[in-house]
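Protein chains in written order, with this note's numbering: chain A, 1 to 461; chain B, 462 to 922. We treat Cβ as the ideally placed atom computed from N, Cα and C, and that holds for glycine. Input: a single structure, listed below in structure tokens.
Written out as structure tokens, the structure is:
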């Protein structure tokens, strides 16, 4: 079906009704032929048991984390009701972008930016807050990079009456004051990380007084606070299996919407930080690859400054900087890797989760790395043609989609591209201002820096 | 139908499909028994003719401005196609807010904040840019207060390939740098007003070097630039009849959605600056009042610092500070009124449009004025219960809705309230930060200041 046919149909958005919000999350671990390697207890180096996770996570979430048997996990009614605040989200045919690229490709995006908090993060925030509340937990902690996760969790915590402390990566705390204020408007306590409020923070500040923080460090602080506070648990916005699980509502909706559009994607693209929006869009489609029903290409778009999937090593590594978390089998740049201060704060993370890492090993997905300037060029073109200013993170997916669309043009044949617009960038305008003024750099990771980090990593494990 | 029934139905949002986007705008002027008084040519003091407006506006818009005969005006296909970027917008039952207020009232809001530019302004921006393009105009100018209109028009101008210059009220230019960057991302030129680029701006800067600007001044500058630039026209985001006309898609959609909800509003509420979102939601419902079909109450919520409808006088006055526009029959505080620097920049305007002013005179609508602190208290409660951080402008409508809901509780009987959420406040977080820190004031207009302004007004006319 050509562009013109679509225009005649007058359809741009493919919209579902509230009743179409999925009833269950999709647990890809249950269907993977090669299961991900187990996480290891950092003390014993033995595989983690569910009970090992109880001090850190709500029990239900610990159970979901290790569940490799149930393919479908029912979404609690309370969570599904709250999804109705903004879900289902639209699937959009990007006619404007296609026209600007003069490409035969059909470009679709799943628009998760319509969440009132501006990103996909609410899908898991509401679920995690719900299970904590249900188990009588009163306080939760978390970390946030760009602030998308922290903003979402702040609303979720308020909704379920939980007290929340957020460690926000220091560079973002200053770069993105609006997101900090959003969290505070929802009643959360926000602390710039590294901070003096934890041992992990104090150690880093002593060793590196000017350190501007990383997700790894903020996780260390949040975990430490959770372990040392009564009736408190830690929550995480990415990387872990249960977070990926909650995000699968994205792909499950998109699957139905591509059916409405009468097409099936040849290429699926999502930006990649810890993997939450990527897993959310892609796992339900990779299921068709596992079953042999479809053979689409699945592409993670990561920043060239933090390229764990394209250039990292598959290793057991810690999820945080201080080594407080279980050891995770992951493609990693090393847990002490200090990512450059790119504006896509949500992509500044050293490793990929265990499921994604296994899928990558098994050739079920690809990855590309995108320089910062290319991402903002793509973001600006997208804004001008589709009207939505994308989050700097999502801009990486757009850049990868544009590469695909250009290639389709060169080859002179169509292809169906679906990417995830994980969030909008209305609170990241400082980044756009700097881009328009020519003040941004790429910060691509050099070979020397990469080698240094990987050498250190091998010494650790 | 009780709350509980709705919860059982599991419906929170009432969603339309793209095919339900209205085919025509509703022109209330054609159905008003008492027509609004004519606008006057400032030179001749005679009623404005359509041709008098051609140097300022596109001809089609000038025609719409004075059209008092056609009740329905067809929406051009190109505009309707672009409405599909985000329309239809949801109608939402605010269960969370109802619960927090423990009120028997049913509270609904029309969620115009889902526009990618964050407000209802795009409804008219796309229409105005379309007509300008169609008539071969290459350059357009405008003013913007908080930046919502400027942001919307920047995207619209880019979409239709028009060059755009925006005069942004100086206080907002500095308070809201993100909105400035949004306009620049879409390729618009943004100038802080008052500026040295126009006679009107230079005069004000000479007389009041520290003046922080107002919508009235910015309009003077934008009109002057349009009149002195070849193939250029001025566009306006509010006040005028053709802007109100384009915004009626809001109320026309809401009408269908209230039918889906099985209720009819007892009270309709929208915040009021120049009248664009108010007219958009309310005119299609006032039509039921004019026809005698329904007897709902219609309430404009204006800031207590700029209360033209509650405390202003009905007079002929200029739309701008320098007196370049036609003279409009309006409830006004005087075109040289300097509104306090409240954060609801979009409500800092001295007058109401001619249709709204006539409706007010005829008792077809009411108005209330809301102090700034009450508006932010209401906004914070709304955010915490509904997940959406509202624009400071929209917060005035929320505050008025909360007053109604509390009154319903006192009286112990239900009432159906519908308000317009004209935009989100994600780019206004500085205001929330100051509110949370206790740094905001009310700036209610004093009787003495009001009298001074109205006395000056009577000398002018």
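Express the C-alpha separation of residue j and residue i in angstroms, rounding to a whole number.
| i | j | result |
| --- | --- | --- |
| residue 406 (chain A) | residue 419 (chain A) | 15 Å |
| residue 4 (chain A) | residue 689 (chain B) | Low confidence applies here, because residue 4 (chain A) scores a pLDDT of 38, under 50, leaving its location unreliable; read the following figure in that light. Whole-angstrom Cα-Cα distance: 41 Å. |
| residue 579 (chain B) | residue 421 (chain A) | 17 Å |
| residue 903 (chain B) | residue 894 (chain B) | 16 Å |
| residue 836 (chain B) | residue 154 (chain A) | 22 Å |
| residue 632 (chain B) | residue 662 (chain B) | 15 Å |
| residue 335 (chain A) | residue 694 (chain B) | 58 Å |
| residue 400 (chain A) | residue 574 (chain B) | 29 Å |
| residue 493 (chain B) | residue 740 (chain B) | 14 Å |
| residue 648 (chain B) | residue 508 (chain B) | 38 Å |
| residue 483 (chain A) | residue 457 (chain A) | An answer regarding residue 483 (chain A) cannot be provided, because it is not within the stretch 1 to 461 covered by chain A. |
| residue 490 (chain B) | residue 888 (chain B) | 35 Å |
| residue 143 (chain A) | residue 208 (chain A) | 20 Å |
| residue 699 (chain B) | residue 799 (chain B) | 18 Å |
| residue 570 (chain B) | residue 731 (chain B) | 10 Å |
| residue 230 (chain A) | residue 55 (chain A) | 10 Å |
| residue 273 (chain A) | residue 124 (chain A) | 16 Å |
| residue 268 (chain A) | residue 251 (chain A) | 10 Å |
| residue 697 (chain B) | residue 189 (chain A) | 42 Å |
| residue 103 (chain A) | residue 390 (chain A) | 21 Å |
| residue 530 (chain B) | residue 496 (chain B) | 11 Å |
| residue 543 (chain B) | residue 583 (chain B) | 10 Å |
| residue 93 (chain A) | residue 106 (chain A) | 8 Å |
| residue 488 (chain B) | residue 525 (chain B) | 9 Å |
| residue 120 (chain A) | residue 675 (chain B) | 38 Å |
| residue 301 (chain A) | residue 825 (chain B) | 56 Å |
Is it buried or exposed, residue i, if we count other Cβ atoms within 10 angstroms and call 16 or more buried?
| i | result |
| --- | --- |
| residue 738 (chain B) | buried |
| residue 637 (chain B) | buried |
| residue 72 (chain A) | exposed |
| residue 438 (chain A) | exposed |
| residue 462 (chain B) | Residue confidence for residue 462 (chain B) is low, a pLDDT of 33 falling below 50, so the modelled location carries little weight and cannot support an answer. |
| residue 358 (chain A) | buried |
| residue 247 (chain A) | buried |
| residue 609 (chain B) | buried |
| residue 512 (chain B) | exposed |
| residue 755 (chain B) | exposed |
| residue 384 (chain A) | buried |
| residue 589 (chain B) | buried |
| residue 180 (chain A) | buried |
So residue i contacts chain A; which residues on that side make the cut at Cβ distance below 9 Å?
| i | result |
| --- | --- |
| residue 546 (chain B) | 12, 13, 92, 96, 386, 387, 388 |
Give me the chain A residues within the contact set of residue i, using Cβ-Cβ distance strictly less than 7 Å, ordered along the chain.
| i | result |
| --- | --- |
| residue 579 (chain B) | 426 |
So, does the CB of residue i fall closer than 8 Å to a CB anywhere in chain E?
| i | result |
| --- | --- |
| residue 79 (chain A) | Protein chains in the displayed structure are A and B, and chain E is not among them. |
Taking C-beta pairs closer than 8 Å, name the residues in chain B that residue i reaches, listed in chain order.
| i | result |
| --- | --- |
| residue 178 (chain A) | 639, 887, 888, 890, 891 |
Counting only Cβ pairs nearer than 8 Å, list the residues of chain A close to residue i.
| i | result |
| --- | --- |
| residue 575 (chain B) | 114 |
Worksheet item: Going along the chain, which residues of the region 617–630 of chain B sit with their C-beta nearer than 7 Å to a C-beta in chain A?
Response: Residues passing the 7 Å Cβ filter: 619.
Worksheet item: Listed in chain order, which residues of the region 642–669 of chain B have Cβ atoms closer than 8 Å to some Cβ of chain A?
Response: Those would be 642, 643, 645, 646, 647, 648, in chain order.
Discussion item. Using a Cβ-Cβ cutoff of 9 Å, what residues of the region 835–863 of chain B are near chain A? List them in chain order.
Written reply: 840, 841, 844, 845, 846, 847, 848, 849, 850
Practice prompt. Residues of the region 429–443 of chain A with a CB closer than 7 Å to any CB of chain B: list them in chain order, please.
Written response: 429, 432, 433, 436
Practice prompt. With 7 Å as the limit, tell me which residues of the region 242–264 of chain A have their beta carbon closer than that to any beta carbon of chain B; keep them in chain order.
Written response: none
Worksheet entry | Completely contained beta strand (DSSP E) runs for the region 825–894 of chain B, where each covers 3 or more residues | The region 825–894 of chain B contains these whole beta strand (DSSP E) runs: 827–831, 877–882.
Fill in: Runs of alpha helix (DSSP H) wholly within the region 29–95 of chain A (minimum 4 residues, chain order)
59–66, 77–83
Practice prompt. Enumerate, from N- to C-terminal direction, the unbroken alpha helix (DSSP H) stretches of 4 or more residues contained entirely within the region 558–610 of chain B.
Written response: 583–595
Worksheet item: Considering only residues of the region 675–728 of chain B, which uninterrupted alpha helix (DSSP H) runs meet the minimum length of 4 residues and lie entirely inside it, listed in chain order?
Response: Listed in chain order, they are 676–688, 702–708, 710–722.
Worksheet item: In the region 273–324 of chain A, which residue ranges form an unbroken alpha helix (DSSP H) of at least 4 residues, counting only runs that do not cross its ends?
Response: 276–290, 308–311
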